[in-house]
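Enquirer:
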Amino acid sequence: MEQQIPYIPKNKVRIVTAASLFDGHDAAINIMRRIIQSTGVEVIHLGHDRSVEEVVNTAIQEDANAIAMTSYQGGHNEYFKYMYDLLREKGAGHIKIFGGGGGVILPSEISELHEYGITRIYAPDDGRSLGLQGMINDLVQQADFPIGDKLNGEIDHIENKVPTAIARLISAAENFPEIAKPVFDKIHESNADSKIPVLGITGTGGAGKSSLVDELVRRFLIDFPEKTIGLISVDPSKRKTGGALLGDRIRMNAINNPRVYMRSLATRQSNLALSKYVAEAIQVLKAAKYDLIILETSGIGQSDTEIMDHSDVSLYVMTPEFGAATQLEKIDMLDFADLVALNKFDKRGALDALRDVKKQYQRNHNLWDKNPDEMPVFGTIASQFNDPGMNTLYKAIMDKVVEKTASDLKSTFTITKEMSEKIFVIPPHRTRYLSEIAENNRSYDETAVSQQKVAQKLYGIFKTIESVSGKVPQINKAGIDDDSVILSGVEGLDENRIFLNLLLNQFDKVKMDLDPYNWEIILNWDEKVAKYKNPVYSFKVRDKEIKIATHSESLSHLQIPKIALPKYEGWGDILRWNLQENVPGEFPFASGLYPFKREGEDPSRMFAGEGGPERTNKRFHYVSAGLPAKRLSTAFDSVTLYGNDPDLRPDIYGKIGNAGVSICCLDDAKKLYSGFDLVHALTSVSMTINGPAPMLLGFFMNAAIDQQCELYIKTNELEKEVEAKINKIYAAKGIERPKYQGDLPEGNNGLGLMLLGVTGDQVLPLEVYNEIKVRTLSQVRGTVQADILKEDQAQNTCIFSTEFALRLMGDVQEYFITKNVRNFYSVSISGYHIAEAGANPITQLAFTLSNGFTYVEYYLSRGMNINDFGPNLSFFFSNGVDPEYSVIGRVARKIWAKAMKNKYGANERAQMLKYHIQTSGRSLHAQEIDFNDIRTTLQALYAIYDNCNSLHTNAYDEAITTPTEESVRRAMAIQLIINKELGLAKNENPIQGSFIIEELTDLVEAAVLQEFDRITERGGVLGAMETMYQRSKIQEESLYYETLKHNGDFPIVGVNTFLSSKGSPTVIPAEVIRATEEEKQYQITMLDNLHQFHEAKVNEHLNKLQEAAIKNENLFDHLMEATKVCSLGQITSALFEVGGQYRRNM
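Just remember that this note's numbering sits 609 ahead of the position in the sequence shown, which is counted from 1.
1. In the structure shown, what three-state DSSP assignment does H703 receive?
2. Just reading off the alpha helix (DSSP H) that G736 is part of, what are its end residues?
3. Just the C-alpha distance for T1021 and P834, rounded to the nearest angstrom, thanks.
4. For N1721, which of V1077, R1499 and R1416 has the nearest alpha-carbon?
5. At 3 residues or longer, and completely inside the segment 1090–1167: list those beta strand (DSSP E) runs for me, N to C.
6. Could you check which residue in I1322, A776 and I727 has the C-alpha nearest to that of L1360?
7. Would you mind working out which of V1063, I779 and T773 sits nearest W1128, comparing C-alpha positions?
8. Mind reading off the beta-carbon distance from K836 to G1266? Whole number of angstroms is fine, and I expect it under 8 Å.
9. Check whether the Cβ atoms of H919 and I891 sit closer than 7 Å, and answer yes or no.
10. When DSSP builds the beta bridges, which residues end up paired with H1561?
11. Do you know how far the Cα of V1010 is from the Cα of E787?
12. For D1401, does the three-state DSSP call read helix, strand or coil?
13. Do F754 and R729 have their CB atoms nearer than 7 Å?
14. Quick check on L1593: buried or exposed, where buried means 16 or more other Cβ atoms within 10 Å of its Cβ?
15. Along the beta strand (DSSP E) that carries K1239, what are the first and last residues, could you check?
16. Give the straight-line distance between the Cα atoms of I1408 and G1300, rounded to the nearest whole angstrom.
17. Buried or exposed: where does I1130 fall if 16 or more other Cβ atoms within 10 Å of its Cβ makes it buried?
18. Is K621 buried or exposed, if buried means 16 or more other CB atoms sit within 10 Å of its CB?
19. Are there three or more Cβ pairs, one per stretch, closer than 8 Å when the segment 614–630 is compared with the segment 673–684?
20. When the Cα of K1342 is compared with those of L741, V966 and H1703, which residue comes out closest?
21. Identify whether D844 lies in helix, strand or coil by the three-state DSSP scheme.
22. Could you have a look at S1078 and say whether DSSP puts it in helix, strand or coil?
23. Look at the Cβ atom of L963, then the Cβ atom of G988, and state whether they are nearer than 7 Å.
24. Looking at the strands, I want to know which residues DSSP matches up with Q1536.
25. Jot down the residue ranges of each uninterrupted beta strand (DSSP E) in the segment 1289–1367, minimum 3 residues, whole runs only, in chain order.
26. From this set, S1736, Y1513, K1671 and K1013, which residue's C-alpha is nearest L1043's C-alpha?
27. For E662 and L695, what's the separation of their Cα atoms in angstroms?
28. Excluding the five sequence neighbours on either side, which residues of its own chain have a C-beta within less than 7 Å of the C-beta of G712, listed in chain order?
29. Do you know offhand how far K956's Cα is from L943's?
30. Please identify the residue among Y725, Y1467 and T1562 whose C-alpha is closest to the C-alpha of M1418.
31. Given C1318, which residues of its chain have a CB within under 7 Å of its CB, disregarding the five upstream and five downstream residues?
32. According to DSSP, is Q911 helix, strand or coil?
33. If we ignore side chains and look at the alpha-carbon of each, how far apart do N1476 and Y1441 end up?
34. Please report the Cβ distance between H1525 and R1214, rounded to the nearest whole angstrom; I am assuming they are in contact, meaning their Cβ atoms lie under 8 Å.
35. Roughly how many angstroms separate the alpha carbons of N769 and F829, rounded to a whole number?
36. Does the CB of A1341 have a neighbour CB from chain D at under 7 Å?
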């Protein structure tokens, strides 16, 4: 395809870009907004997870020509239609709407949306025919119309703060100043006596001004419940294209408030921090009678003093990293600023920087009679929720505003005398942990090589002794038994005896360089080999003896070994193999964690989630029918993933039960897993949930406890008594009791449904309930994903501030230790989503392991014992077709085991890296979808040969729709056929001994350790996240892959090569699984009943939860109680107030 020439707009075009509500897929919109910007457009970018109201309000306040959205998470029909309706309702029907969502938005839906009035929804085939720039040219051309060329009485509405009127007046001043002049003459006249204060904020680029402004606005809205605030934010225009990225809104949460108006301006000229239309924008906001106006400039550098012309009070924002103290003399604003914020105060040298800036401020302002400590310079960490430094700065600003303008803004905000202090997740002295691990593991490998050479030298001497003596020397713990080789009698006086003594002495001398542990390995090698040749192998797992046959018989009646050992004779080879490979179940666990796989339990785990809990429960029973082990993996809808409740609001309503199951309360969890005994040894539940993971875990644990209460009731024949209690409870409330919707599926015996609407402690004596709770927690099996670091780096379902989210994770793990939760993984440290976002296999593995070690360091810093929490950590990887994927499991196990054993001193159980693996979703293509099963089969083969602990095989149609029952059955068959029919799979270490596997293992291991060093250079995982290192690397690798795919250099059969006679077009699904109206309506009705039923208790539990957060108590302890009565959305909202919301990144 020829390279498209960008369209050149005739007017100044402004476009709002975002990803839809509860949608973290922001890669596509990020690419699009970059191309839109380079086409000469001013782009107001909001990032991911944006509601219709947020986007519409932004578009109106910014007086945008158009909105460009991506929607990959379902609910697009309701979302776009609601946007169209809301724009018209708010008098902004001229704003055009563009969208895209890959194959998620069906052609029939595109036609429907176009007929409704949506300007254009782009389909995947549009991208192929037009190219990216071609699509953007089409979008910009349709949005290229004048704004502000006509005024129609807007001045009469601005005092009522009508956003459309305010926005249009600012646009008129920007775009058509001559037309606007008569109106602005009146505005200037009416503002002549205005006392509305203007706070000017300027500073260097990257100082965190946007976050700081957001924190000031948040405090202002709390401080003054009736006051309003107007923001003007200026960003630079690109000189070459005229486009601009107006990105301040993406970092701001507090501005989404009816008392806040914000307008972003581009400088529209180079090398200036302000737009020349700033003065008119301020005049409009003054005429609108906003109580406080904040003007924020673009970060240009050391000369930002032009802001003084427009502000009554000025704040200069900088960071501690300004270089030598002499650099301060070059900053003009230190001569003029009323206050200075030294933001990012957690940086190294911050206290020294604070001292230097205070002294410079004192010199510049000739305040020689004042103590330097009294200078208005404040250390702040705006990115940290409720930062004491920000509290102090806010109060100082408001006091200065009142002092200089006599405005009615006397602050009553309470502050403490605490200084800003970083809440360190990883203690500063531990930031080198990843390089320490790399050094530890390299040292292990170097020692293994040197020990191999010693052992080989010993073997050479051993064989020489054997040759000279004519006997096989006997070895023991001390070395060679001299008596087994020394000749006796007269013959012993000859040269051979002297030579043998020399050899024996040399053997003892060389053996001194061999670690006694390694000599033990050599000594016991023959015994180890014999154990695997015996018919039965006996071993223990958690004090339980397991006996397994060591061979299987083929149809040809050959005895096929389950574990094949090398036939090495040389001690160096034997030692190297034991130190770097070893049998399954022994350090460093290269070939697996346990001596043998459990018989009768394949590693299959099936992913399900759709509609309401009942429908997914039916799917679980369908996919697990006939399988002894019930391994249930749960996908949640995007409403749940972002910690919200179902709602009738269209942009929420459309997403209920789509692309996952809707779960918002304990009763939902009970129905979802009904009919499965959650404490049975062969039942295991995995929950793919991150931001609100602690709440979903609370629902699950309480569901498991109530199941066991139900069994107790039945065993003790208490059914009638309990039923009477429940009926009495509901009769008193006058509310319908929740029930399972529809008939129970085959295989569901109703376990878990008896106590719907109540909990065990309401119907059983407390001592009985507590005994059941203790027993259940110690037995329940499963995994909750809860990997918040990966979410920030790749998937975007973070909801709380990173520090608070990590604290919640730590609280869960602490609870698990206290309550003896041994069989449940508190986190599934996930590389899958890192790979799905575009990372190559080495980056996936390196980032995932580095995140895992970050949790280790964090939990250690909280005083937890590594042997207590280590076994509760699990991992989750993606499996593609790249060569590195053939060794991803063995490399992960080796790196983890070496570090945990030798660096952290962990016991064997904590050294074992347990992982689930899922075939690559990214490798599923919407063209020639039948070929997807072939790719999935190859990936499953990789995973099974590498001895994964559990495996999910994707359905071939997932690229175009939610999997059908037919496609899920085929996906399950892939791994069942491998495990049950493929003869080589009867062997459990089939890739050991392969030269290419050993070479790949060494290459990938070295590459991962090298990446550890790169992350260390950036301050560890959290330091690297601050500079968005992980995100940037993932995006670069994604772009590299996509480029090779599109130009054909990376061949993909049925996609860019070996196309069908029709060109292999995108396949349109015959069946699309979506939540029904009945399911959505029931979820909302059920939720309303829940809220009414527990109305008296909810606030009590939420208050206790918030109080626990403030007092630094274990939050999960309180969540276990809160999840009995509160809905997911209620808990999320309460925790936002004490933990802070996640702040998006560009």
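C-beta: ideal position from N, C-alpha, C; glycine also. Since the structure is predicted, the reported quantities are computational estimates derived from the model, not experimental observations.
Expert: If we stick to the structure as given:
1. coil
2. P733 to Q751
3. 12 Å
4. R1416
5. 1145–1150, 1153–1158 and 1160–1162
6. I1322
7. V1063
8. About 41 Å; that fails the 8 Å criterion.
9. yes
10. Q1527
11. 34 Å
12. helix
13. no
14. exposed
15. K1239 to A1244
16. 5 Å
17. buried
18. buried
19. yes
20. H1703
21. strand
22. helix
23. yes
24. T1675
25. 1292–1297
26. Y1513
27. 8 Å
28. P733, A1535, A1568, I1569 and T1675
29. 21 Å
30. Y1467
31. L1364, G1369, L1373, Y1378 and I1381
32. In this predicted model, Q911 has a pLDDT of only 39, less than 50, meaning its place in the structure is not dependable; the value taken from the coordinates is given anyway. Coil at Q911, not helix or strand.
33. 26 Å
34. 6 Å
35. 21 Å
36. Reference to chain D is not applicable here, since this structure consists of a single protein chain.
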